[in-house]
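**Student:** The following block contains the structure, expressed as structure tokens.
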Amino acid sequence: MTTTAVRKDGPAAVTPTPTVGGHFRNYLSRVRGGDVGALPAVLGLIVLCTVFAIMRPSSFLSAGNFANLFTQGAAVTLIAMGLVFVLLLGEIDLSAGFASGVCAAVLANVVTVLGYPWWVAVLAAVATGVVIGTTLGMLVAKIGIPSFVVTLAGFLAFQGVVLLLVKDGTNISVRDDVLVAIANRNLGPTLGWALTALAVVGYAAVQLLRHRNRAARGLITDPLAVVALRIGGLAVILGAAVYVLNLERSRNVLIVSLKGVPIVVPIIAVLLVVWTFVLQRTSYGRHIYAVGGNREAARRAGIGVDRIRISVFVICSSMAAIGGIVAASRANSVDPNTGGSNVLLYAVGAAVIGGTSLFGGKGRVLDAVLGGAVVAVIENGMGLMGYTAGVKYVVTGVVLLLAASVDALSRRRAAATGTR
Amino acid sequence: MSATPLLELRGIDKSFGPVQVLRDVALTVHPGEVTALVGDNGAGKSTLVKCISGIHPTDAGEFLFNGEPVHIGSPRDAATLGIEVVYQDLALCDNLDIVQNMFLGRERRSGIVLDEPTMEQLAAETLAGLSIRTVTSLRQHVSSLSGGQRQTVAIAKAVLWNSKLVILDEPTAALGVAQTAQVLELVRRLADNGLAVVLISHNMNDVFAVSDRIAALYLGQMVAQVKTTDITHAQVVELITAGRSGGLGLATDPGSNGDGPQPADSTSGGVR
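Top to bottom, those sequences are chains A and B. Just so we're aligned, residue 1 is where the first sequence starts under UniProt numbering, counting upward by one. Just so we're aligned, residue 1 is where the second sequence starts under UniProt numbering, counting upward by one.
The following block contains the structure:
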């Protein structure tokens, strides 16, 4: 994970021909200077996993529990991925949780009550997300209401909309095979390995092409050894995860065989790659960072600031819709509390724990995934240790506070040392 | 120096409601020269710059660019002609690096993907062309730069676009002694590279250090435009504060506004 943090900032040339040692010294000096990136989330994840592994070695470390982590954390992670875009502009979307509830309710109504095929329901849910996002974005950008207030109103109103859509307190079950499969079925072991190989080869190709392209033009490049290390690191992490997920985790193989990568994992992976590409490699993504960093400078550079502000709310609500679909799939139903209670707060927490700044201008989609993993591990591990919901909330709150303190302190440190 | 001025303004009038801010202003800017635009607060310097850069429309007057009459209706028109403005508050994004800032809003792309190597190369060439050696890495965040380095990046950003006229609004106002020297050296180099430079400044030392001509605004009128070598420190201060100095500036009777522009015309004529 540290490797990706290095990649984002590219080569910081202290010497014209960087060495491997120099590369890591550079990274360390940036971390000391306050540019911690995803380091706290990664360290937190390691500490939490170690603690739970020692306290509950048999249950926490089982393959079945590892697979559970993904399906438990998926909805919150997806919503957090959308929230990163809003947070990058220094805005907030408090309505994302119940927006996902509204979209899930639309999905359930279309597929169960109206009886349309699953893909119509998915399109309807995402379209609902787009409409919600456009409305919120217009209110923020064109009318100029602070996003906190607009989305707080959305939070209240959407809670009511979910109630209306599910007919006051009943719930609508989702029985469509495809929709249920999203959060409850797994890929075959072979397909899992094939996709892993594809991901590693694709990543290697992108990295090596980039390295060759820059070297050919005489630009400063990362040492080839560092590039190889990154590719190797990704291969090891993905390989280990897929190996564990492909182990048999059914309690009784004679009744049912349960193994393979949960289907939500490739869904999250694809969205992670797509949104990372949009943020890092397109001018639209560059403009999001620019508006988040200095709105006036962005305006003078000819960037359509209003357009950017509306679009991030659309992305956020659409990702909330996808999160809602996954949540509905996992529960096999939609009830008035879908997307409610702690979903939004966990999602904001996930983005911030991962390293996205609440002050705008800094953050990556990967942060949401790492932070989502931290939140899922806390929820899961503390559940296994038999703590009550009350303790879990308190611990999650403390972790979020820690993450926000790291953000604020690293900003202060960055301002003091001038490296960011 | 050169026969046709790059930019020539004639009879520019500009009012905001009942307040007339610019009155029959004439200004000529030559390529390869630094023209210092001086004047007290409220004399109309910023308004004049905003008229040139297309932010404010003018009420009357002519723009000649390279001897051709042009109309500048928007900042985009100005950019198309090759006019770039470096604002006092810099307009850089702290969370982006130098290359990203220099190409902000005008990124190079191949397909839909940003063409980072090309942008980095062009940025490096531009900085090298201006003999800028103060920045160590192009991939450094702007927040980590000193005030002088930030000003340097802002100026290099303006030069990147094959600009012909660069307008600098108080580039040294917030800088220390050494950094001011660096920036002034860069301003001089822009002109030596053949660009026309308009430098707005309150600091007489800066003005005399780098400028070839001085244009003085007084209460919305261009009271003099003379070669820097033909005028003294004290005379410029008098032009700024009183609108005239000896034979320069407004006619002796400041009440008759109609005579105002005449000295300005005759001096600019005499300079050629």
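Glycine residues also receive a C-beta, built at the ideal position from the N, C-alpha and C atoms.
(1) DSSP state of residue 11 of chain B, grouped into three classes?
(2) Check whether the segment 160–170 of chain B and the segment 134–143 of chain B touch, using three or more Cβ-Cβ pairs below 8 Å as the test.
(3) Grouping DSSP H, G and I as helix and E and B as strand, with all else coil, what is residue 367 of chain A?
(4) If we define contact as Cβ-Cβ less than 8 Å, is residue 105 of chain B a contact residue for chain A?
(5) Using a Cβ-Cβ cut-off of less than 8 Å, list which residues of the segment 279–302 of chain A approach chain B; keep chain order.
(6) Please list the partners that residue 214 of chain A has in chain B, where partner means a Cβ-to-Cβ separation under 9 Å.
(7) So which residues on chain A does residue 93 of chain B lean against when the C-beta distance must stay under 8 Å?
(8) What does DSSP give as the partner residues of residue 196 of chain B in its beta bridges?
(9) Using a C-beta cutoff of 8 Å, does residue 217 of chain A count as contacting chain B?
(10) Indicate whether residue 60 of chain A and residue 99 of chain A have their beta-carbon atoms separated by less than 8 Å.
(11) Assign residue 204 of chain B to one of three DSSP states: helix, strand, or coil.
(12) If we cut at 8 Å on Cβ distances, does residue 198 of chain B have a partner in chain A?
(13) With DSSP run on the structure shown, which of helix, strand or coil describes residue 262 of chain B?
(14) Which residue from A/407, A/413 and A/197 puts its Cα closest to that of residue 37 of chain A?
(15) Within this structure, are the beta carbons of residue 187 of chain A and residue 113 of chain A separated by less than 8 Å?
(16) Given a threshold of 16 other Cβ atoms within 10 Å of its Cβ, counted over all protein chains shown, does residue 275 of chain A qualify as buried or as exposed?
(17) Can you tell which of B/37, B/54 and B/160 has the C-alpha that lies nearest to the C-alpha of residue 130 of chain B?
(18) Give, in chain order, every residue of the segment 173–185 of chain B whose Cβ lies closer than 9 Å to some Cβ of chain A.
(19) Compute the beta-carbon to beta-carbon distance between residue 147 of chain A and residue 93 of chain A, rounded to the nearest angstrom, for a pair I have assumed lies under 8 Å.
(20) For a quick check, are the C-beta atoms of residue 211 of chain B and residue 195 of chain B less than 8 Å apart?
(21) Tell me whether residue 65 of chain A sits in a helix, a strand or coil according to DSSP, three-state version.
(22) Tell me the residue span of the beta strand (DSSP E) that contains residue 57 of chain B.
(23) Can you tell me whether residue 254 of chain A is buried or exposed, with buried defined as 16 or more other CB within 10 angstroms of its CB?
(24) So the beta strand (DSSP E) residue 218 of chain B belongs to, where does it begin and stop?
(25) Over what stretch of residues does the alpha helix (DSSP H) that includes residue 116 of chain B continue unbroken?
(26) Are the C-beta atoms of residue 100 of chain B and some chain A residue less than 8 Å apart?
(27) If you drop the 5 nearest sequence neighbours on each side, which residues of the same chain put their C-beta closer than 6 Å to that of residue 86 of chain A?
(28) Would you call residue 9 of chain B buried or exposed, if buried means 16 or more other Cβ atoms sit within 10 Å of its Cβ?
(29) Check residue 186 of chain A in the structure and name its three-state DSSP category.
(30) Enumerate, from N- to C-terminal direction, the unbroken beta strand (DSSP E) stretches of 3 or more residues contained entirely within the segment 62–87 of chain B.
(31) Spell out whether any CB of chain B is found under 8 Å from the CB atom of residue 412 of chain A.
(32) Can you list, in chain order, the residues of its chain with a C-beta nearer than 6 Å to that of residue 78 of chain B? Leave out the 5 residues immediately preceding and following it.
(33) Between which residues of its own chain and residue 376 of chain A is the CB-CB distance below 6 Å, once the five residues before and five after are set aside?
(34) Report yes if the CB atom of residue 64 of chain A is closer than 8 Å to the CB atom of residue 249 of chain A, and no otherwise.
(35) Beta-carbon of residue 96 of chain B versus every beta-carbon of chain A: anything under 8 Å?
(36) In angstroms with no decimal places, state the Cα-to-Cα distance between residue 300 of chain A and residue 225 of chain B.
**Tutor:** Let me lay it out:
(1) Translated into the one-based positions of the second sequence, residue 11 of chain B becomes position 11. Strand at residue 11 of chain B.
(2) no
(3) Here the question's residue 367 of chain A lines up with position 367 in the first sequence. Helix, per DSSP.
(4) Residue numbering aside, residue 105 of chain B sits at position 105 when the second sequence is read from its first letter. Judged by the 8 Å Cβ criterion, residue 105 of chain B is in contact with chain A.
(5) 281, 282, 283, 286, 287, 289, 290, 292, 293, 294, 296, 297, 298, 300, 301 and 302
(6) On the first sequence, residue 214 of chain A is found 214 positions in, with the first residue counted as 1. In chain order: 116, 117 and 120.
(7) Residue 93 of chain B sits at position 93 when you count from the first residue of the second sequence. Correct list: 289, 290, 293, 294, 297, 298 and 361.
(8) In the second sequence, residue 196 of chain B corresponds to position 196, counting from 1. Looking at the DSSP assignment, residue 196 of chain B forms a beta bridge with B/165.
(9) As a position in the first sequence, residue 217 of chain A is number 217, starting the count at 1. Cβ-Cβ to chain B under 8 Å: yes for residue 217 of chain A.
(10) Counting from one through the first sequence, the residue named residue 60 of chain A turns up at place 60. Counting from one through the first sequence, the residue named residue 99 of chain A turns up at place 99. No. Outside cutoff.
(11) Position 204 of the second sequence, counted from the start, is the residue given in the question as residue 204 of chain B. In this structure, residue 204 of chain B counts as helix in the three-state DSSP scheme.
(12) Residue mapping note: residue 198 of chain B aligns to position 198 of the second sequence, counting from 1. Judged by the 8 Å Cβ criterion, residue 198 of chain B is not in contact with chain A.
(13) Taking the first residue of the second sequence as position 1, residue 262 of chain B is located at position 262. Here the model assigns residue 262 of chain B a pLDDT of 42, short of 50, so the residue's position is not dependable, and the following value carries that caveat. In this structure, residue 262 of chain B counts as helix in the three-state DSSP scheme.
(14) Mapped onto the first sequence, residue 37 of chain A falls at position 37. Ranking A/407, A/413 and A/197 by Cα distance to residue 37 of chain A puts A/407 first.
(15) Position 187 of the first sequence holds residue 187 of chain A. Position 113 of the first sequence holds residue 113 of chain A. In this structure, residue 113 of chain A does not lie closer than 8 Å to residue 187 of chain A by Cβ.
(16) Taking the first sequence and counting its residues from 1, the one referred to as residue 275 of chain A is at position 275. Classification of residue 275 of chain A: buried, given that the 10 Å Cβ count is 16 or more.
(17) The sequence position of residue 130 of chain B within the second sequence is 130, counting from 1. Closest by alpha carbon: B/160.
(18) none
(19) What you label residue 147 of chain A is simply residue 147 of the first sequence in a count that begins at 1. What you label residue 93 of chain A is simply residue 93 of the first sequence in a count that begins at 1. Going by Cβ atoms, the distance from residue 147 of chain A to residue 93 of chain A rounds to 7 Å, so yes, they are a contact pair.
(20) One-based indexing of the second sequence puts residue 211 of chain B at position 211. One-based indexing of the second sequence puts residue 195 of chain B at position 195. Cβ atoms of residue 211 of chain B and residue 195 of chain B: not closer than 8 Å.
(21) What you label residue 65 of chain A is simply residue 65 of the first sequence in a count that begins at 1. The answer is helix: DSSP assigns residue 65 of chain A an H, G or I state.
(22) One-based indexing of the second sequence puts residue 57 of chain B at position 57. Per DSSP, residue 57 of chain B belongs to no beta strand (DSSP E) and is neither H nor E.
(23) Position 254 of the first sequence, counted from the start, is the residue given in the question as residue 254 of chain A. Residue 254 of chain A should be labelled exposed.
(24) Numbered from its first residue, the second sequence carries residue 218 of chain B at position 218. Here the beta strand (DSSP E) through residue 218 of chain B covers 213–218.
(25) Position 116 of the second sequence, counting from 1, holds the residue named residue 116 of chain B. 116–129 is the extent of the alpha helix (DSSP H) around residue 116 of chain B.
(26) One-based indexing of the second sequence puts residue 100 of chain B at position 100. Judged by the 8 Å Cβ criterion, residue 100 of chain B is in contact with chain A.
(27) Here residue 86 of chain A corresponds to residue number 86 of the first sequence, with the count starting at 1. These residues qualify, in order along the chain: 93, 312 and 316.
(28) Residue mapping note: residue 9 of chain B aligns to position 9 of the second sequence, counting from 1. So residue 9 of chain B counts as buried.
(29) Here residue 186 of chain A is taken as the residue at index 186 of the first sequence, counted from 1. Three-state DSSP puts residue 186 of chain A in a strand.
(30) 68–70 and 83–86
(31) Counting from 1 along the first sequence, the entry for residue 412 of chain A is found at position 412. Answer no: the Cβ-Cβ gap between residue 412 of chain A and chain B never drops below 8 Å.
(32) Numbered from 1 along the second sequence, position 78 holds the residue referred to as residue 78 of chain B. Hits under 6 Å: 53, 54 and 72.
(33) In the first sequence, the residue the question calls residue 376 of chain A occupies position 376. 69, 72 and 73, listed in sequence order.
(34) In the first sequence, counting from the first residue as 1, residue 64 of chain A sits at position 64. In the first sequence, counting from the first residue as 1, residue 249 of chain A sits at position 249. Yes. Within cutoff.
(35) Position 96 of the second sequence holds residue 96 of chain B. Taking Cβ atoms only, chain A reaches closer than 8 Å to residue 96 of chain B, which makes this a yes.
(36) The sequence position of residue 300 of chain A within the first sequence is 300, counting from 1. The sequence position of residue 225 of chain B within the second sequence is 225, counting from 1. Straight-line Cα distance between these residues: approximately 31 Å.
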